[in-house]
Amino acid sequence: LLASLKAASRCGGQAAWSSMRFEELLASMQRLLIDAGMDAAVLTVRSSLKLRGTPVGAALLGGPENALAGTHAAIRGGFRRRRALLIGVCYPDSDAGMRLRGSWNDVHDICDWLLSEGLFLQEEVHLLVDAPTSQMSERPTRANVLLQLSWLLTGDERAAWAGSSSAGCWASYATTYREAEDMSNQQIFLHFSGHGDNGELLPSDWETAGHIAERELARLVD
3 LLASLKAASR CGGQAAWSSM RFEELLASMQ RLLIDAGMDA AVLTVRSSLK LRGTPVGAAL
63 LGGPENALAG THAAIRGGFR RRRALLIGVC YPDSDAGMRL RGSWNDVHDI CDWLLSEGLF
123 LQEEVHLLVD APTSQMSERP TRANVLLQLS WLLTGDERAA WAGSSSAGCW ASYATTYREA
183 EDMSNQQIFL HFSGHGDNGE LLPSDWETAG HIAERELARL VD
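Numbering-wise, our numbering comes out as the position in the sequence shown, counting from 1, plus 2.
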């Protein structure tokens, strides 16, 4: 996904990737996989929005009127509030067969792109990774993932972040409480790099704390 968006940006800047339709984005991603020798891979995109015939910019920038604006002020004007949660799990403490190598890089690459394109402000991006340097509050444990998903989906800031990592994405937090926000006219972005199956997510401590089931995610959405 990111490689396709960056390739389009190199050709024509933000206007190029934001004017791409989702069918074109999928075709570009498919070509990259074929070039990498993964001919059998099948890509799908799921969204609460109608994607067929829709420009990518209309989904990420807050409407067609902002898709080609190309200015930070116009992009920010598409939604009243934005939140992004980026989770990267490499399972370094699990058996070798469970370990992943690229999840942390995926998260930081996505974070850098969201910030550089002006899609989110630094304080609107929350990050969870199980890197050796991460504090316990920054790790994608079952409890932390559910807490941050609640913030992402409801605006409930029980985990208000305070501080930034060397990569520029906000990393540590202090506990606060406030009333959940009205979700109208808000943009949320979730990226998860890790193991999962049948609607389940595997946090970093899945072997002791268990997986995050689809029904738990559904309750958060409802």
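Where a beta carbon is used, it is the ideal one built from N, C-alpha and C, also for glycine.
Residue i vs residue j beta-carbon contact at 8 Å
i, j, result
"HIS128", "TRP106", "no"
"LEU62", "LEU45", "no"
"PHE122", "ALA145", "no"
"SER21", "GLY59", "yes"
"GLU126", "GLN16", "no"
"GLN188", "ARG83", "yes"
Cut-off 8 Å between Cβ atoms - residues of its own chain near residue i, not counting five sequence neighbours on either side
i, result
"ILE112", "LEU4, LEU88 and HIS193"
"VAL147", "ILE89, LEU130, LEU203, PRO205 and ILE214"
"LEU222", "LEU148, LEU151, SER152, LEU155 and THR156"
"GLU216", "ASN200, GLY201 and GLU202"
Backbone CA spacing between residue i and residue j [nearest angstrom]
i, j, result
"VAL91", "LEU155", "20 Å"
"ASP108", "LEU130", "12 Å"
"ASP97", "GLU209", "11 Å"
"GLU140", "SER30", "34 Å"
"MET138", "PRO94", "14 Å"
"GLY201", "SER195", "14 Å"
"ALA211", "GLY55", "42 Å"
"ALA133", "ASP41", "32 Å"
"ARG124", "THR135", "The residue you asked about is not Arg; residue 124 is Gln in the sequence shown. Cα to Cα, the separation comes out at about 20 Å."
"ASP37", "LEU219", "35 Å"
"GLU26", "LEU53", "11 Å"
"GLN32", "GLY39", "11 Å"
DSSP beta-bridge partners of residue i
i, result
"GLN189", "ARG84"
Sequence-distant residues of the same chain with beta carbon closer than 7 Å to residue i, five excluded per side
i, result
"TRP19", "LEU7, ALA10, SER11 and VAL58"
Cβ neighbours of residue i in the same chain (closer than 6 Å, five flanking residues each side left out)
i, result
"MET100", "TYR93"
"PHE191", "ALA86"
message = Which complete beta strand (DSSP E) runs does the stretch 83-127 hold, if anything under 3 residues is left out?
response = Counting only runs that start and end inside the stretch 83-127, the beta strand (DSSP E) elements of at least 3 residues fall at 83-90.
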